[in-house]
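Peer 1: The structure follows.
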Amino acid sequence: MVEMPTLLHAQADKHWSGFEERAADVVAQLSDARRDQLRTLFACSDFAADSLCRQPELALELDDERDLHNADRAGRYQPELAQLLAEVNDEPGLQRTLRRFRRRELLLIAWREMLLGAEVEESFAHISALADALILAAYRWWYQRQCAELGTPTDADGEAVPMLILGMGKLGGRELNFSSDIDLIFTFPHNGVTQGGRRELANQQFFIRLGQKLVNALHQTTVDGQVYRVDMRLRPFGESGPLAVSFAAMEDYYQHHGRTWERYAMVKARILNDEGEYTAELRAMLKPFVFRRYIDFGVIDSLRQMKAMIAAEVRRKGLHDNIKLGAGGIREVEFIAQVFQLIRGGREPALQVRHLPDALAAIQASGALTAVEADQLHQSYRLLRRVENFLQAFDDQQTQTLPQDELNRSRLAWLMGHDSWDGFYQALRQAMDGVHQQFGGLIGDSTEVEDEGVDQIWFDVWQTELDESELLPMLQEQGMDQDKAMRLARALNTFKEECPRRAMGPQGRQALEKLMPVLLDKVSQSDTPGILFARLQKLLLQIVTRTAYLQLLVENAGALTQLIRLCEASSLVAEQLARYPILLDELLVPELLYNPMPLEAYKGELRQFLLRVPEEDVEQQMEALRQFKQIHLLRIAAADIAGALPLMKVSDHLTWLAEAIVEEVVNQAWIQISERHGVPEVLADSPSRGFGVVAYGKLGGIELAYSSDLDLVFVQQAGLKGQTNGNKPLDVRQFYLRLAQRIIHLFSTRTPSGVLYELDMRLRPSGNAGLLVSPLDAYQHYLQNEAWIWEHQALVRSRLIVGDAALHREFERIRRETLSATRDRATLAEEVIKMREKMRTHLSKAGPGEFHLKQSAGGLVDIEFLTQYLVLAHGHEHPQALTRWSDNIRILESAVEVGLLEEDEARRLKTAYCAIRDRGHRLSLSDKPGLLPDTELTQEREWVVASWNKWLQGSRTP
């Protein structure tokens, strides 16, 4: 052996001094040969020095013949542990026994491999057998105690049921490394209940509790350390799944949800406890999932993606000196072997093995690898695993990264038989380069990247686990500035964290893997990629569990393009799509998407849409109404974003859509109430319902916006008395009250597609204190005798949108008479100005240097109040012209027609009104507040202020 470096002698002296101080009586009993061995061991392993300082008696107990020179000790682990635990009656005793036993045996394994020439295969076998023994000893100890406390889990015949423990990964393959964590899955044969306890408990609950106790026994860190870090994430549904599942549930999961990477993991799965027929049953159940009966070329695409992900991680994480994850590392050897096992294992039983050296031999025998290739992989694997064991035995730490400090480099080079670090490193790199060359030639590389024109970078960004500091430079290399890159990195990592929590099926995951690089490529071309992806991720998180929607976007490039275009232009649209993914279907036909139907067609289209829903199914009817609204909102927004609809036409479409829906809701409510109570007897022979809906505010003014609520007032024909004619008759007033309540219910009930519209009923006579439905004579009396000026202002923007012709005529008469009443202009101006100032004080959110589009001086509300003043002040002079319309633009045009306004002044006011509304509209599409810098729209605001001062300030009482 190469002479030990001076640095290691110094390390041995340091540890020996500590050991002598801690255990002088033990040191005095040691032979010279044992002292020399221990000093050399201390030079190589801080773990060994610490272990002997904790348990000095081991220096005397470890016998040369029985322990140190015995290459076959694994068979004694389980009986020795059983004997030690037979007298243990409490949990702390269990934890202490397990941890001290592990430390003793790992010390012996490290001693033999470091100093006594034990081969790495011996270490594999003993570390894995030790894990089996510790896991099963803890399981059996807790199973017995839990049965005594809770009763014994049983099957339908009353027979006791065990829990079976699957060891995954290196534990399953009996290739555990020195400081490895362990991957486990818990399962049990039958559902049933416990027997013999104080009360029955479902088997699953019993085994979940048992699993928790077992994990805690192994995982918890005590004064004696830890047995193993336990990872349960490979179980069905991962962390969101139950800790223990029945055979039936496990079979169902792997049949319907099992993914390629889970097949990959299951190649090494091993049942740790032999439970006779149950073990055989579980093995037989899992085999078809892992090994297909045919040559499984269908898995190649998935394996190719896994390979690309491995390569991307190496590139992006700079894993040059990581002997497990780096290029040519342990993971690549394992991947090569398991690729052949997954593809051919179903047809070639010899490949159905867990231990990697056995798998390589079987692959060579099948002709898939040459003898030279298989031997190169095997020898490289042995070298890498030996290095891994030494790295971890230095300090019982789970690491696979080559050391940067001189001490551990000296240790590793000396233990590997080299007199210098450079010599060792060159030999290691040569072995790893050979592995990586074989890995690179395996199963070919996907050409889909080139086919789709997507740069490899976006596959790497999606498939590789990267933190923000690693993502930032990659994104900046694509031309993003730091702020944009930071926003995108955060949004992407948030999405990656959320995705695993969603229960996706295998097809959904496959579709997502195809979609995301393409989507990221398109997002990167946006001026605001972080904002855009944050909008998209809300939708993606809604649809990751709905494979059909993912596949829609994967298979329809045009739909994906439209999605990104719309979401980039409007957070409102993005939010709608996220809430209601059914709207994605609309992206498939751009001809419809960007061309809303004619205004007059909404009512007929809605009726046709509802024909597919049974009339008696109220819930489906409500849902269909909401879907219709969302579909057409999306179409209007798409046409708006594309520039196919000017602002005024957008409002027209939103208004006509809302009117069609209001009318249909009234129809449905009427049918539902009249089926139970009949209709008013006085209307029994009339087509009239005697009921109407008055629209106020934006709906009344034909200025509806995307997120507007509906200001409604319900009215009924005057003079209706008596009862309804149904099986459960009601007083007529009570009937209309029930009808109104039903209408509100149909609007406000939250279905899967949300509420229909938010309703505001406060503009009815006497507000919230008033009747929900007003007879028209009472409505007229209130308006003309009790209403405030602001209520007359609101009436300017009112229209009857539902009701028969007679009701329409009566409402128009009341409105016209009320608006055209003679008023004192000075008093009117004073009231309007006071209300305006009150609104500005309470509602304006403009800070210094800001202009609030609605409430600031010269804003929208000033224009609205001005037109309302003109109607109320001069309506008596021109009752037909000034009271005809409810929208601002046509009121201003009417004022010109009657000579009240000059053409230029009206044009300026209309221009200002449209400009301010348009800016507000754009901001709302992006979900931004209606605020601008005070330096914008200055000309338009000056025009508004000038007219305001002319008509209102000039009319005030001096």
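Residue numbers for the sequence shown follow our numbering, so the first one is 118 and each next one is one higher.
Where a beta carbon is used, it is the ideal one built from N, C-alpha and C, also for glycine.
Note that the structure is predicted; figures quoted are calculated from it, not measured.
1) Do you know how far the Cα of A761 is from the Cα of I931?
2) So, using beta-carbon positions, are V1015 and H995 closer together than 9 Å?
3) Can you list, in chain order, the stretches of the alpha helix (DSSP H) that have 4 or more residues and sit fully within the region 455-538?
4) Can you confirm whether the region 641-650 touches the region 613-625 when touching is taken to mean that 3 or more C-beta pairs between the two stretches lie within less than 8 Å?
5) Would you call G675 buried or exposed, if buried means 16 or more other Cβ atoms sit within 10 Å of its Cβ?
6) Tell me whether the beta-carbon of L917 lies closer than 9 Å to the beta-carbon of L876.
7) Decide if the region 458-477 is in contact with the region 384-396; the criterion is three or more beta carbon pairs, one per stretch, under 8 Å apart.
8) Quick check: the Cα distance between G920 and F928, rounded to an integer number of angstroms?
9) How far does the beta strand (DSSP E) with T305 in it reach, from first residue to last?
10) Buried or exposed for G313, going by 16 or more other Cβ atoms inside 10 Å?
11) Assign K951 to one of two classes, buried (16 or more other C-beta atoms within 10 Å of its C-beta) or exposed (fewer than that).
12) Would you call A127 buried or exposed, if buried means 16 or more other Cβ atoms sit within 10 Å of its Cβ?
13) Taking the continuous beta strand (DSSP E) assigned at E967, which residues delimit it?
14) What separation, rounded to the nearest whole angstrom, lies between the Cα atoms of M739 and S865?
15) Considering only C-alpha positions, which residue in the set D272, G443, I440, F295 is nearest to S363?
16) Please name the residue in P731, A754, A801, F808 whose C-alpha comes closest to that of E780.
17) Please state whether DSSP places T581 in a helix, a strand or coil.
18) Evaluate N885 with the Cβ neighbour count: other Cβ atoms within 10 Å of its Cβ, from every protein chain shown; 16 or more gives buried, anything less gives exposed.
19) Output yes or no for whether 9 Å exceeds the beta carbon distance between L637 and L683.
20) So what's I918 in DSSP terms, helix, strand or just coil?
21) How far does the alpha helix (DSSP H) with L605 in it extend, from its first residue to its last?
22) Pull the bridge partners of Q833 from the DSSP assignment, please.
23) Enumerate in chain order the residues of its own chain whose CB-to-CB distance from T564 is below 6 Å, with the five nearest sequence positions on each side excluded.
24) L524 and D542 - do their beta-carbons sit closer together than 9 Å?
25) Label W71 either buried or exposed according to how many other C-beta atoms from any shown protein chain fall within 10 Å of its C-beta, with 16 as the threshold for buried.
26) Under the DSSP definition of a beta bridge, which residues are partnered with L1049?
27) Can you name, in chain order, every residue of its own chain whose Cβ lies under 7 Å from the Cβ of V552, other than the five neighbours on each side?
28) Count the other CB atoms, across all protein chains shown, that sit within 10 Å of the CB of H132; report buried if there are 16 or more and exposed otherwise.
29) Is it the case that the Cβ atoms of R216 and L179 are separated by a distance below 9 Å?
30) Going by alpha carbons, who is nearest to A628 out of N673, S586, L609, I574?
31) If V578 and M591 are in contact, beta carbons under 8 Å, what's the gap, nearest whole angstrom?
32) Between the Cα of D274 and the Cα atoms of L267, L821, N308, which residue gives the shortest distance?
33) Alpha helix (DSSP H) containing L636: first to last residue?
34) Pick helix, strand or coil for V566, following the three-state DSSP scheme.
35) Which residues share a DSSP beta bridge with L281?
36) Who pairs with R387 in a beta bridge, going by DSSP?
Peer 2: Taking the structure as given:
1) 39 Å
2) yes
3) 473-483, 488-510, 523-532
4) no
5) exposed
6) no
7) yes
8) 10 Å
9) In the sequence as presented, Thr is not what sits at residue 305; that position holds Phe. That run of the beta strand (DSSP E) goes 299-305.
10) exposed
11) exposed
12) exposed
13) 967-969
14) 10 Å
15) D272
16) F808
17) coil
18) exposed
19) no
20) strand
21) 599-615
22) F808, P892
23) Model confidence at T564 stands at a pLDDT of 33, short of 50, so the residue's coordinates are unreliable; what they give is reported in the following sentence. Taken in chain order, the list of residues that qualify is empty.
24) For the sequence presented, residue 542 should be read as Tyr rather than Asp. No, these two residues do not count as a Cβ contact at 9 Å.
25) Outside the displayed span of the chain (118 to 1075) sits residue 71, for which this structure offers no information.
26) F968
27) G445, E449, V450, L494, S497
28) buried
29) no
30) N673
31) 6 Å
32) N308
33) 623-641
34) Because V566 carries a pLDDT of 30, less than 50, the predicted location of this residue cannot be relied on, and the following value inherits that uncertainty. Looking at V566 - three-state DSSP - the assignment turns out to be helix.
35) T304
36) G284
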